[in-house]
Every structure is written in C-alpha cells, then in structure tokens.
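Beneath this line is the structure, given in structure tokens, with notes to follow.
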Amino acid sequence: MLLGVNIDHVATLRNARGELEPSVLEAAKICVNAGVHGITAHLREDRRHITDYDVFSLRNDVNCRLNLEMAATYEMKKIALELMPDACCIVPEKREEVTTEGGLDVYSQKGKITEFVKPLIDAGIKVSLFINPEREQVSAASETGVEFIELHTGAFSRAFGTKNEEPEFIKLRQATSLAHLLGLKVNAGHGLNYKNVHKMHEIDGIVELNIGHSIISRAVFVGLDTAVREMISLIYKN
Ligand code: PXP
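So for the sequence shown, my numbering puts the first residue at 1109; every next one is plus one.
Here it is, written out as structure tokens:
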C-alpha cells in the first residue's frame, strides 16, 4: 500500500494566525522527502484551510503526485481542469461540517456524477469517488466511468477497539472485493491512525491510504519527517 498525506491541517494552523507559518509547501516537501507517494489537499468551497494559491504552488513547486479533494461543483471542476492534479477525489461537502462526515451518495446521483467526472477523466486526471463501504454505492460508482473509489474508513476508525470494529471492518473488506469484481481500484482513508492502520493490510488490494489528522497531530510532538516515516513503516511493508 502507498501513503498519501493530507496536509490540510498545516493550512488550518497557518490560517489560525492569518500569516504564513507553517508553510504548506514546506510541509509537502518534507513529506515527499520522507518518501510519501502523494500529497492530498482538500480545496473546500469556504477555503477554510487550503487555498487556491496553495494548490497551484503544490502543483508547480513540489515534485510529487498531487491528489485534489473537491466537491462536485462547477467552480471546482474549472479549477481542477486548470490545475491538472494527477488525481481528483470527489467528496461531499457541507459548510457546517468539521470534516468530511460521510461518503458521496453516488447511488442517488449517478447521472449527475457521471457527467461531472467525464471532463476530468477525459483530461487524463485519475478520478476517485469518496464513498461509504456500501454495496449500492460501490456498484453505482462502477457505472460512472471512474477508475478509483476511496472507501470512507471513518466508521471503522471510530469503532476501532469496540464491539463494532469487526462489523465495520467487514464492510470495508466486502466493499473492496465488490469493487475489484466490478473493475474498480480502491483507496481508503479518514480517521486512520498509528494504532488502527495495520488492519488495512488485512484487506487485499488497497492501493493507497490518505491520512491527515493523525500524522499532523503526531508531527506536533516528533516533527513531520518522523511522523511521516513512522506511518510509512506501518504501511509500506507489503
Ligand atoms: N480522505 C478523504 C477523502 C478525506 O476527506 C479526508 C479528510 O480530509 C481524509 C482522507 C483524511 O482523513 P484524516 O484527516 O482523518 O486522516
């Protein structure tokens, strides 16, 4: 498995002061130097952390695979087609949420999503849909033309260490198997941390994990380079 580091929280910290530190670009360079596969950044409609300037600087000044997380809006599509990230992950977005709370409902908006992703795919961007590990969402995603899904691991992460861990884990495993049967590649992320990430090795064929909060939190104590290297050592073992 590969690691994409979500660096939104570096921007959250920077924006708390409205000044320039810590630098998102510098953070990305440290992650790349530590050996990550990619950098992930979520350009939210309200620009609460990552800004347009950040994503264009990441594209132009960091030699790394860039995964742009974004909502399925006209504005974001326009930015993505100008930015040309290597990958785009389409996420649901609500203004009042603290973080991406649930997966995209592809099942009930299959036509709209299919139409939305087409120009991105035609432009050569690898598109993934961030979905809950549910049968109908995986099947619907397979009919939109995307190459990837990213499974929302938030419910599993919250349940980790409780009696609900196993049922949540099984949902991820079954969703992954179904996705593979339907020809989709599978990424996963949300809420993964140093304690629960090992479970992802028990699911065959996950390509990439996107992890942000736990790595940036650990970086406060040990530094970003060490925090990233520690996560890599837990992920890149097979
Ligand atoms: N993947 C997606 C699609 C996300 O929206 C997020 C959160 O921004 C993550 C992964 C990373 O989640 P976390 O910060 O909990 O590791």
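Note that the Cβ used here is the ideal one computed from N, Cα and C, for glycine as well.
Owing to the predicted nature of the structure, the values given are computational and were not obtained by experimental measurement.
Per DSSP, residue i forms a beta bridge with which residues?
i: Ser1347; result: With the chain covering 1109 to 1346 only, the question about residue 1347 has no answer from this structure.
i: Arg1156; result: The partner list for Arg1156 (beta bridge, DSSP) is empty, contrary to what the question assumes.
Using only the heavy atoms of the ligand PXP, determine whether one of them is closer than 7 Å to the beta carbon of residue i.
i: Val1199; result: yes
i: Phe1238; result: yes
i: Leu1300; result: yes
i: Ser1341; result: no
i: Ile1319; result: yes
i: His1150; result: yes
i: Ser1216; result: no
i: Thr1284; result: no
i: Glu1153; result: no
How long is the line joining the alpha carbons of residue i and residue j, rounded to whole angstroms?
i: Leu1290; j: Phe1238; result: 16 Å
i: Ile1233; j: Pro1275; result: 34 Å
i: Phe1329; j: His1298; result: 21 Å
i: Lys1186; j: Phe1264; result: 34 Å
i: Val1294; j: Arg1173; result: 17 Å
i: Arg1243; j: Thr1222; result: 18 Å
i: Glu1190; j: Met1184; result: 10 Å
i: Leu1151; j: Pro1200; result: 12 Å
Can you check whether the CB of residue j is closer than 8 Å to the CB of residue i?
i: Leu1292; j: Thr1261; result: no
i: Pro1227; j: Ala1283; result: no
i: Val1305; j: Leu1317; result: yes
i: Gly1143; j: Ile1340; result: yes
i: Thr1148; j: Asn1114; result: yes
i: Asp1194; j: Asn1168; result: no
i: Val1105; j: Cys1139; result: One cannot answer for residue 1105 here, as it falls past the ends of the chain, which runs 1109 to 1346.
i: His1157; j: Thr1120; result: yes
i: Met1163; j: Ala1135; result: Before going further, note that residue 1163 is Val rather than Met in the sequence given. Cβ distance not < 8 Å, so Val1163 and Ala1135 don't count as in contact.
i: Gly1219; j: Gln1245; result: no
i: Glu1153; j: Ala1188; result: no
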